[in-house]
Amino acid sequence: MGRSSLLRGGLISSGRTRRFALRLLGGATILGLFALIGAGVVLEWFPKTGPTLLFYIFHDQVWLPVRGTVWTADFPGVLIWVVPVVGLLLAISVEFFGLWGILRRTQVKVLRFLLRGRGAGFVLSWHRAIMPFGLRAEQAETILREDRDALTSELLELDEEIASGGLSELVDRQRQIIRFGGLDQKDLGSLLETLALVGFLTQADEATPASFVRMLRQIEDDPGWRDLIEALINGVEARKVVDWSTSRLSEVSPLRLAGQTLAVAVEASRNPQPALLVWFDAWARQRMAPLGGGSSLFVAEDLITFEAWADIAETAISGPQVSAMMKNAFHGLNATRSRGEIFARRGPQAEKGAL
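Right, dumping it as structure tokens:
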């Protein structure tokens, strides 16, 4: 799918771009050429001999009979079908030339409506029907991933009002993404992050949705994948976290690193133990390793919202968080936390300011 198709629909894609300037130039050239020929025939600019005689023949033998039959003979009844057809052609033209994404935005809104309601099954059936031909419902997948990322960001704000309905909605989006298939490392990391959010936000008040866990276990046959799921559900001992921290993190797969980070953060929220923070100390130390030794850690950080989870773990262990009003009034309070996950709360510019 082209980048313009998604941008016109309010979505983002890293695909190819459309050359709207060339389209406009080509369209204007063709339209101007037809207008010039039409005016030349009506005003008889062209000689009625030689090749230009074809213009007059087309006008008399084709154009006039068609206009008389279709337009003049049935006017105004012809407007019943002419107006919608012309309107559709204009909308397609406007979309094609990049002037306004009428059709694409409408398509995106319809897809969002279907995916958020009972029409999701229809979209999934269409996706599975075209897959044997090497095609995918890419725009539907993009919408699902966009919704997933937005819901994850909202839930990580730790607002109880958002969490009450947003968590079940996020789980539903993830179920749909799993059913669509074609999961990449980012999708797998996001699935683990959703499971971590379920464990963190519900705590012991509500059980993890069993059907969602079953779907997660069936995605990968790798025992390591299932170990991560179990760690997020049942917790992880501080001793095991210390063992993780003493290994060379750069030799561990990014997905496993991301899952272990989530497990540590969730465990810290359940059982605050200072020993758990050695994971983030080891992370910071090995992340700065020379000769690209921390490359796996960089990738792992992109698979989840790493800064937010590091902040959750440290806040749970280091003590109650300073109120938002106090932090806004006295920014220096953010710098008192030893591991300084300032980025998670106020962005990269704040981190520079605190240093």
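Position in the sequence shown (from 1) plus 240 gives the number in my numbering.
A virtual CB, placed ideally from N, CA and C, is assigned to each residue, including glycine.
Fair warning: this is a prediction, and the values are worked out from it, not measured in the lab.
- prompt: For residue 513, which three-state DSSP category applies?
  reply: coil
- prompt: Since residue 495 contacts residue 543 with CB under 8 Å, what's their CB separation in whole angstroms?
  reply: 6 Å
Simplified DSSP assignment, three categories, for residue 286: coil
task: Apply the 10 Å Cβ neighbour rule to residue 275 and answer buried if 16 or more other Cβ atoms are within range, or exposed otherwise.
output: exposed
message: Using CA atoms only, rank isn't needed, just tell me which of 411, 374, 351 is closest to residue 364.
response: 351
- request: Report yes or no: do the segment 316 to 329 and the segment 383 to 401 share at least 3 C-beta pairs separated by less than 8 Å?
  value: no
field: Reduced DSSP secondary structure (H/G/I, E/B, other) of residue 375
entry: coil
- request: Give a yes or no on whether the C-beta atoms belonging to residue 498 and residue 476 are separated by under 8 Å.
  value: no
message: Can you give me the C-alpha to C-alpha distance between residue 266 and residue 301, rounded to a whole angstrom?
response: 29 Å
- request: Look at the alpha carbon of residue 358 and the alpha carbon of residue 304, and state the distance between them as a whole number of angstroms.
  value: 51 Å
query: Between residue 516 and residue 553, is the Cβ-Cβ spacing less than 8 Å?
result: yes
message: To the nearest angstrom, how far is the alpha carbon of residue 493 from that of residue 537?
response: 9 Å
task: Would you kindly report the start and end of the unbroken alpha helix (DSSP H) that includes residue 544?
output: Where residue 544 is concerned, there is no enclosing alpha helix (DSSP H), given that its DSSP letter is neither H nor E.
field: Beta-carbon proximity list for residue 484, same chain, < 7 Å, skipping 5 on both sides
entry: 500, 519
query: For the alpha helix (DSSP H) that residue 303 lies in, which residues bound it at each end?
result: Element bounds for residue 303: n/a, residue is neither H nor E.
query: Along the chain, where does the alpha helix (DSSP H) that runs through residue 463 open and close?
result: 463 to 474
- prompt: How about residue 463 and residue 411: are their beta carbons less than 8 Å apart?
  reply: no
message: With a threshold of 6 Å on Cβ separation, who are the neighbours of residue 259 within its own chain once the five nearest residues in sequence on each side are excluded?
response: none
query: Where does the unbroken alpha helix (DSSP H) through residue 398 begin, and where does it stop?
result: Careful: residue 398 lies outside any alpha helix (DSSP H) and carries neither H nor E.
Local conformation of residue 492 per DSSP, three classes: coil
task: Could you give the DSSP three-state label for residue 266: helix, strand or coil?
output: helix
- request: Return the CA-CA distance between residue 453 and residue 263, expressed in angstroms with no decimal places.
  value: 49 Å
query: Looking at the unbroken alpha helix (DSSP H) that takes in residue 455, where does it start and where does it end?
result: 450 to 459
query: Taking 7 Å as the cut-off, is the CB of residue 298 close to at least one heavy atom of the ligand NAD?
result: The ligand NAD is not among the ligands present in this structure, which contains no ligands whatsoever.
message: Quick check: residue 398 and residue 380, are their CB atoms within less than 8 Å of each other?
response: no
- prompt: Between the C-alpha atoms of residue 367 and residue 347, what's the straight-line distance to the nearest angstrom?
  reply: 15 Å
- prompt: Are there 16 or more other CB atoms within 10 angstroms of the CB of residue 506, so buried, or fewer, so exposed?
  reply: buried
query: Looking at the structure shown, is residue 274 part of a helix, part of a strand, or coil, going by DSSP?
result: helix
- request: Select from 287, 295, 290, 289 the residue whose C-alpha is nearest the C-alpha of residue 277.
  value: 295
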